[in-house]
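Colleague: What follows is a single structure, and I will ask about it in a moment.
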Amino acid sequence: DSGVTQTPKHLITATGQRVTLRCSPRSGDLSVYWYQQSLDQGLQFLIQYYNGEERAKGNILERFSAQQFPDLHSELNLSSLELGDSALYFCASSWGQGDSPLHFGNGTRLTVT
Amino acid sequence: SQQGEEDPQALSIQEGENATMNCSYKTSINNLQWYRQNSGRGLVHLILIRSNEREKHSGRLRVTLDTSKKSSSLLITASRAADTASYFCATWAGGTSYGKLTFGQGTILTVHP
């Protein structure tokens, strides 16, 4: 058990809808990372927060947004969903940045129909 | 785009044999990390090697890093059926307060009992 909790585990929704994915980092970890994993794109870095502040941005679409709250949990909001957004979304946490291993949750499997 | 590229894409061996996976990357890095993923699960951190290190061991794992060739290798000795998983290299390029961990496409390892 990595100590990182992601909810929900599965999400099925229709095109055009909006969903929120939630992540609770491992106790004591200040950094939260979001990744998207799909068969054709592999594991894509979306965004990183450190102690509530956005620190790095990857291939995150404008339809997607995220935030990290004062209690360090994070949410990833996906809107105007398209079929191509179907993927596994992982949250990971680490104590520091860069020099610390990432601890991954088990992901949220999003299916857009 | 992916920073790291693993080779081979898939590897099939018998229990007891050694498994070697290679990773090449394109830009300068601060560290390189290896992760393992069982089907549909979150990634698990295996080992981190810094840019000023050449070799690191952890149990049956041996990682080498050659920054002049921008390449790394992961050796799993005396493999077991339970080692069957996907293995990813990931590179960190950035400062201490920013940056991102970029993953390669992974090597699928199958260990036959």
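Chains as they are written, first to last, in the working numbering: chain A, 1 to 113; chain B, 1001 to 1113. Each residue gets a CB set at the ideal place from its N, CA and C atoms; glycine is no exception.
#1: By DSSP, does residue 84(A) sit in helix, in strand, or in coil?
#2: Any chance the segment 1001-1016 of chain B sits against the segment 1050-1062 of chain B, with 3 or more Cβ pairs inside 8 angstroms?
#3: Determine the burial state of residue 99(A): buried for a count of at least 16 other Cβ atoms within 10 Å of its Cβ, exposed for fewer.
#4: DSSP three-state call for residue 984(B): helix, strand or coil?
#5: Could you tell me if residue 69(A) is buried or exposed, where buried requires 16 or more neighbouring beta carbons within 10 angstroms of its beta carbon?
#6: Quick one: what does DSSP say residue 1085(B) is sitting in, helix, strand or coil?
#7: Please go through the same chain and pick out, in chain order, the residues whose beta-carbon is closer than 7 angstroms to the beta-carbon of residue 13(A), but skip the five residues on each side of it.
#8: Where does residue 1050(B) fall in DSSP's three states?
#9: Restricting to Cα atoms, I'd like to know which of 1086(B), 1112(B) and 1073(B) is closest to residue 1054(B).
#10: Give me the residue from 1007(B), 1101(B), 1027(B) and 1077(B) with the minimum Cα distance to residue 1017(B).
#11: Against residue 1041(B), what residues of chain A qualify as contacts under a CB-to-CB distance less than 7 angstroms, listed in chain order?
#12: CB residue 1046(B) to CB residue 1035(B), shorter than 8 angstroms?
#13: Measure how close the beta-carbons of residue 1010(B) and residue 1079(B) come, nearest whole angstrom, since I'm counting them as under 8 angstroms.
#14: Is the CB of residue 1002(B) under 8 angstroms away from at least one CB in chain A?
#15: Residue 1033(B) and residue 1085(B) - do their beta-carbons sit closer together than 8 angstroms?
#16: So residue 86(A) packs on residue 1042(B), CB below 8 angstroms; how close in whole Å?
#17: If we ignore side chains and look at the alpha-carbon of each, how far apart do residue 1111(B) and residue 1083(B) end up?
#18: Which residues mark the beginning and the end of the beta strand (DSSP E) in which residue 112(A) is found?
#19: Alpha carbon to alpha carbon, how far is residue 76(A) from residue 47(A)?
#20: Name the chain A residues whose beta carbon is nearer than 8 angstroms to that of residue 1092(B)?
#21: Pick from 79(A), 73(A), 54(A) and 53(A): whose alpha carbon is nearest that of residue 61(A)?
#22: Go ahead and pull the three-state DSSP assignment for residue 1002(B).
#23: Note down, in chain order, every chain A residue with its Cβ under 9 angstroms from the Cβ of residue 1065(B).
Modeller: Working from what's here:
#1: Translated into the one-based positions of the first sequence, residue 84(A) becomes position 84. Collapsing the DSSP output to three states places residue 84(A) in a helix.
#2: By the C-beta criterion, the segment 1001-1016 of chain B is judged not to be in contact with the segment 1050-1062 of chain B, since fewer than 3 inter-stretch pairs fall below 8 angstroms.
#3: On the first sequence, residue 99(A) is found 99 positions in, with the first residue counted as 1. The residue is exposed, with fewer than 16 neighbouring Cβ atoms inside 10 Å.
#4: The question about residue 984(B) has no answer here: the residues shown for chain B are numbered 1001 through 1113.
#5: Sequence index remark: in the first sequence, residue 69(A) carries index 69 (1-based). So residue 69(A) counts as exposed.
#6: On the second sequence, residue 1085(B) is found 85 positions in, with the first residue counted as 1. Here residue 1085(B) sits in strand by DSSP.
#7: Locating residue 13(A) in the first sequence gives position 13, counting from the first residue. Cβ within range, chain order: 19, 81 and 112.
#8: Walking along the second sequence from the start, residue 1050(B) turns up at place 50. Note: residue 1050(B) maps to strand in three-state DSSP.
#9: Here the question's residue 1054(B) lines up with position 54 in the second sequence. Ranking the options by Cα distance to residue 1054(B), first place goes to 1073(B).
#10: Position 17 of the second sequence, counted from the start, is the residue given in the question as residue 1017(B). Answer by Cα proximity: 1077(B).
#11: Within the second sequence, residue 1041(B) is the residue found at index 41, counting from 1. Neighbours of residue 1041(B) on chain A, chain order: 106.
#12: By one-based count along the second sequence, residue 1046(B) stands at place 46. By one-based count along the second sequence, residue 1035(B) stands at place 35. Yes, the pair counts as a contact, with Cβ atoms nearer than the cut-off.
#13: The sequence position of residue 1010(B) within the second sequence is 10, counting from 1. The sequence position of residue 1079(B) within the second sequence is 79, counting from 1. Incorrect: roughly 15 angstroms between the Cβ atoms, too far for contact.
#14: If you number the second sequence from 1, residue 1002(B) lands on position 2. Note that residue 1002(B) has pLDDT 49, beneath the 50 cutoff, so the model's placement of it is unreliable and the number below is only indicative. Closer than 8 angstroms to some Cβ of chain A, the Cβ of residue 1002(B) qualifies, so yes.
#15: To locate residue 1085(B), count along the second sequence from 1; it is residue 85. To locate residue 1033(B), count along the second sequence from 1; it is residue 33. Result no, Cβ atoms of residue 1085(B) and residue 1033(B) do not sit closer than 8 angstroms.
#16: Translated into the one-based positions of the first sequence, residue 86(A) becomes position 86. Translated into the one-based positions of the second sequence, residue 1042(B) becomes position 42. Residue 86(A) to residue 1042(B), Cβ: 18 angstroms. No contact.
#17: If you number the second sequence from 1, residue 1111(B) lands on position 111. If you number the second sequence from 1, residue 1083(B) lands on position 83. Distance between the alpha carbons of residue 1111(B) and residue 1083(B) is about 7 angstroms.
#18: The residue given as residue 112(A) occupies position 112 in the first sequence. Looking at the DSSP string, the run of the beta strand (DSSP E) that includes residue 112(A) is 108-112.
#19: Residue numbering aside, residue 76(A) sits at position 76 when the first sequence is read from its first letter. Residue numbering aside, residue 47(A) sits at position 47 when the first sequence is read from its first letter. Those two C-alpha atoms are separated by around 9 angstroms.
#20: Position 92 of the second sequence, counting from 1, holds the residue named residue 1092(B). Here the neighbours are 98 and 99.
#21: Here residue 61(A) corresponds to residue number 61 of the first sequence, with the count starting at 1. Cα-wise, what sits closest to residue 61(A) is 79(A).
#22: For this step, residue 1002(B) is matched to residue 2 along the second sequence. At residue 1002(B), the pLDDT of 49 sits below 50, so the modelled position is not reliable and the matter cannot be decided from this model.
#23: Residue numbering aside, residue 1065(B) sits at position 65 when the second sequence is read from its first letter. None at all; the shortest Cβ gap to chain A is about 15 angstroms.
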